[in-house]
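Asks:
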Amino acid sequence: MELRKDPITRSWVIVGHREQAAAPAEACPLCPASVQPAKALLRLPGEGPAQVTVIPHLDPLYRIEGDLGRGAEGIYDKMRAVGAHEIIVETPDHARQLSQLNDEEIERVLHAYGARIGDLKKDARFKYVAVFKNSGPLSGEDWAHSHSQLTATTFVPRRILYELRSAREFYSQKDRCVFCDIVRQEMKQGARVVDTQGDYVAFCPYASRVPFETWVMARKHNHLFEAPRPGANRRNLAALLGRMLRRLQQVAVAYHMVVHTAPNVLQTKGELSDYWRTIAEDYHWHIEILPIVETRSKSYSIKEVYFNTMLPEQAADRLRRLDPNP
Ligand SMILES: [Zn+2]
Ligand SMILES: [Zn+2]
Ligand SMILES: [Zn+2]
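Residue numbering for the sequence shown is 1350 to 1675, as defined by our numbering.
As C-alpha cells, then:
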C-alpha cells in the first residue's frame, strides 16, 4: 500500500489497499461488547459510562508508525501511507443514528471531532486532519452502527487545496473571508437558508452539487473547527445539525458529511508554505452534507462535472417546510 501523486492534478491516490471482505454474521465491532476500553483513544463524557468512544480503525488506510518514505520514480512522487485512521463511535446504542441523538449527545460527538483533530495536529508529520461520516448503506458505510471516521494525512486532500487557494486569492484581493461574504449574502437573500440557531446557519450552497446539499457553519469568522471562538455555544451548532439531519432523512436515503477545517499550521514547509500568511483570516471551517436521494446516482459523471436536477432555492424551500422533529 502506498500513496502516489498525480503530477497533473496534484491529488494523492492510495493504491494497493485491499478491502477486507465483510463478515456479516459476526457481532457488530462497534457495539460496547466488542470495543475494548483499553484501546479507546478518547471516551466522552470523561466519567461514567461512555457515550462517544474513539478507537483506531479496524482496517486502516493509514498507519501511524514510521517515516514518510518520500521518494520519486522519475517525474513521479510517492510516499508511504503514514497517517492516522480512527473511528468515532457516536453512541453505544446499535439502533440509534446521529440524527436521533439529543442536542447534548450531538454536541459531545462534535466535541470528540474537535478533540481528536486538535490532538493529531500536534504531530507535525500530519498536514491535514479530516473528519467524515458515511450514513446509510448507499453511502458506502462500513458498519450500520452510527459512527464517523477521521484520517490524519501527510498531504492535504485535493478539494481542501482548492478551497485554500480560492480563499487565499479572494482575501488577497478583497481583504475579506470569502466564506463570511457568502454567509452575509445568504442571510440577506434568505432564499437558500434553511435554518439558523445562535451564531450558526444551515443553507443550500449556490452551486449545489447534489439535491439538498447543505453547508452548516458559524456566522462569525473562525478558521479552526477544533478551536471554537470564545463564547461560541456549540450546543446551538449541535441542535441545528440535528434538525438538518432529521430533515434530510425525509428526502434522502443516505448522506456523506465532512468537516472542513484549516490544515495543520505546524507544517510550514513544502506545498503549503504559501498558505500560512493569511490562513487565520482567509479560511473558515464548515460542515458539508451531501445527501444521496436516488438509488442510482447520476450526479457525478466521468467528465467530473456535477449534474444536479434540483435548484438549491427549491431544495432550501422544501427543507424549510419539513418537520425538523418528525
Ligand atoms: Zn453495534
Ligand atoms: Zn470567515
Ligand atoms: Zn469545504
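No residue lacks a Cβ here, since even glycine has one placed at the ideal position from N, Cα and C. Please read these numbers as outputs of a predicted model, since none were measured by experiment.
Which residues end up in the neighbourhood of ligand 1 when you take C-beta atoms closer than 6 Å to any of its heavy atoms?
Replies: With the cut-off at 6 Å, the residues found are Cys1377, Leu1379, Cys1380, His1443 and His1494.
Asks: Starting from the C-beta of arginine 1367, find all residues in its chain whose C-beta is less than 7 Å away, skip the five residues before and the five after it, and write them out in chain order.
Replies: Taken in chain order, the list of residues that qualify is empty.
Asks: Hey, which unbroken runs of the beta strand (DSSP E) at 3 residues or more fall wholly within the stretch 1443-1500?
Replies: Runs found: 1477-1484.
Asks: If we require 3 or more residues per run, which beta strand (DSSP E) segments fall completely within the stretch 1387-1415?
Replies: Those beta strand (DSSP E) runs which fall completely within the stretch 1387-1415 and span 3+ residues are 1391-1393 and 1401-1405.
Asks: Do alanine 1389 and arginine 1412 count as a contact pair if the criterion is CB distance below 8 Å?
Replies: Contact flag unset, no.
Asks: As a quick exercise: from His1406, Pro1386, Leu1407 and Ile1404, pick the residue whose alpha carbon is nearest that of glycine 1397.
Replies: For the residues His1406, Pro1386, Leu1407 and Ile1404, the minimum Cα distance to glycine 1397 belongs to Pro1386.
Asks: Is any heavy atom in ligand 2 found nearer than 7 Å to the beta carbon of histidine 1635?
Replies: No.
Asks: Cutting at 8 Å between CB atoms, please list the residues of its own chain near valine 1364, excluding the five before and the five after it.
Replies: Excluding sequence neighbours, valine 1364 sits near Met1350, Glu1351, Leu1352 and Arg1353.
Asks: With lysine 1569 as the anchor, note down where its alpha helix (DSSP H) starts and where it stops.
Replies: First-last for lysine 1569: undefined, no H or E at that position.
Asks: Three-state secondary structure (DSSP) at aspartate 1666?
Replies: DSSP places aspartate 1666 in helix when its eight states are reduced to three.
Asks: On the DSSP bridge assignment, give the partners of phenylalanine 1552 in chain order.
Replies: Note: phenylalanine 1552 sits in a beta bridge opposite Val1542 and Trp1564.
Asks: Could you compute how far the alpha carbon of serine 1497 sits from the alpha carbon of alanine 1601?
Replies: Each residue's alpha carbon lies about 18 Å from the other.
Asks: Heavy atom of ligand 5 less than 7 Å from the Cβ of histidine 1609, yes or no?
Replies: No copy of ligand 5 appears in this structure; the ligands present are ligand 1, ligand 2 and ligand 3.
Asks: Who are the near neighbours of aspartate 1452 in its chain, counting only those whose CB is closer than 7 Å to its CB and skipping five residues on each side?
Replies: Excluding sequence neighbours, aspartate 1452 sits near Arg1584, Ala1587, Ala1588 and Gly1591.
Asks: Pull up the CB-CB distance for proline 1554 and tryptophan 1564, whole angstroms please, since I reckon it's below 8 Å.
Replies: Going by Cβ atoms, the distance from proline 1554 to tryptophan 1564 rounds to 5 Å, so yes, they are a contact pair.
Asks: Which of helix, strand or coil does DSSP assign to glycine 1591?
Replies: In this structure, glycine 1591 counts as helix in the three-state DSSP scheme.
Asks: Give me the Cβ distance between leucine 1407 and proline 1378, rounded to the nearest whole Å; I'm assuming they're in contact under 8 Å.
Replies: About 6 Å separates the two Cβ atoms, so the contact holds.
Asks: Which stretch, first to last residue, makes up the beta strand (DSSP E) that contains arginine 1558?
Replies: Here arginine 1558 belongs to no beta strand (DSSP E), and DSSP marks it neither H nor E.
Asks: With respect to the beta strand (DSSP E) encompassing tyrosine 1632, which residues constitute its N-terminal and C-terminal limits?
Replies: From DSSP, tyrosine 1632 is part of no beta strand (DSSP E); its letter is neither H nor E.
Asks: Valine 1532 and valine 1543 look like a contact to me (Cβ under 8 Å); what is the Cβ gap, rounded to whole Å?
Replies: 13 Å between Cβ atoms; not a contact.
Asks: With contact counted as at least three CB pairs below 8 Å, one residue from each stretch, are the stretch 1454-1467 and the stretch 1520-1540 in contact?
Replies: No contact exists between the stretch 1454-1467 and the stretch 1520-1540.
Asks: Going by CA-CA distance only, name the one from Pro1673, Glu1414 and Met1566 that's closest to tryptophan 1634.
Replies: For tryptophan 1634, the nearest C-alpha among the options comes from Met1566.
Asks: Looking at the secondary structure, which residues open and close the beta strand (DSSP E) in which arginine 1429 lies?
Replies: It spans 1425-1429 - the beta strand (DSSP E) in which arginine 1429 sits, taken as one unbroken run.
Asks: Using a Cβ-Cβ cutoff of less than 7 Å, which residues in the same chain neighbour glutamate 1490 once the five nearest sequence positions on both sides are dropped?
Replies: If we look at glutamate 1490 and ignore the five residues flanking it on each side, its Cβ neighbours are Asn1483 and Ser1484.
Asks: Using the rule of at least 16 other Cβ atoms within 10 Å of the residue's Cβ for burial, across every protein chain shown, is glycine 1463 buried or exposed?
Replies: Under this definition glycine 1463 is a buried residue.
Asks: Using the C-alpha atoms, what's the distance from phenylalanine 1519 back to cysteine 1529?
Replies: Their backbone Cα atoms lie some 11 Å apart in a straight line.
Asks: So, under 8 Å CB-CB, tyrosine 1604 and isoleucine 1638 are touching, yes? Tell me the CB distance rounded to an integer number of Å.
Replies: Their Cβ separation, rounded to whole angstroms, is 6 Å, which keeps tyrosine 1604 and isoleucine 1638 in contact under 8 Å.
Asks: Checking 8 Å against the spacing of the C-beta atoms, do valine 1607 and alanine 1479 come in under that value?
Replies: Yes, Cβ-Cβ distance for valine 1607 and alanine 1479 is below 8 Å.
Asks: If you count every other CB in all the chains shown that lies within 10 Å of the CB of valine 1403, and 16 or more means buried, which is it?
Replies: Label assigned to valine 1403: buried.
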